[in-house]
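Notes to accompany the following structure.
In the working numbering, the protein residues as written are 161 to 262.
This is how it looks when you write it as structure tokens:
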């Protein structure tokens, strides 16, 4: 079964965090990550839409399909690639990004 493959890969890879939990941390919906903050999606019809999140005096820009975002104009690595699904207008990105705006 496919679930057995998941368990096997977890065991042989030496990961300490189960894959489903890691997936929830790395690919969380942007509306959950930035709940209570102001966000918009720019260039929805372009090849690379950009999620723009503002909170207090901070502005975070997260391009789709990239591992680099900018906070107040300064680039940084997110440690994972963001995914954008146009069918549901949703970015999937690391939960830890919310900490950058606090």
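Think of the CB as a built atom: it goes at the ideal place given N, C-alpha and C, for glycine as much as any other residue. On a predicted model such as this, the values are computed, not experimentally measured, just so you know.
Item to complete: Compare the beta carbon distance of residue 246 and residue 204 with 9 angstroms and say whether it is the shorter of the two.
Response: Along the chain shown, read from residue 1 onward, the residue named residue 246 stands at position 86. Along the chain shown, read from residue 1 onward, the residue named residue 204 stands at position 44. If you check the CB distance, residue 246 and residue 204 come in under 9 angstroms.
Discussion item. Assuming residue 180 is part of the alpha helix (DSSP H), what are its boundary residues?
Written reply: Looking up residue 180 in the chain shown gives position 20. 179 to 186 is the span of the alpha helix (DSSP H), which, as asked, contains residue 180.
Worksheet item: Hey, quick one: how far does the alpha helix (DSSP H) through residue 257 stretch, first residue to last?
Response: Counting from 1 along the chain shown, the entry for residue 257 is found at position 97. In the DSSP assignment, residue 257 falls within the alpha helix (DSSP H) that extends over 257 to 260.
Item to complete: Have a look at 238, 167, 262 and flag the residue whose alpha-carbon is nearest the alpha-carbon of residue 215.
Response: The residue labelled residue 215 in the question sits at position 55 within the chain shown. For residue 215, the nearest C-alpha among the options comes from 262.
Worksheet item: Based on the DSSP secondary-structure assignment, which residues constitute the bridge partners of residue 211?
Response: Taking the first residue of the chain shown as 1, we reach residue 211 at position 51. Looking at the DSSP assignment, residue 211 forms a beta bridge with 201, 222.
Fill in: residue 217 at chain C interface by Cβ criterion, 9 angstroms
Looking for chain C here will not work: only one protein chain is present.
Worksheet item: Identify the residues that DSSP records as bridge partners of residue 234: which are they?
Response: As a first step, residue 234 is located in the chain shown; it is residue number 74 there, counting from the start. Paired residues: 231.
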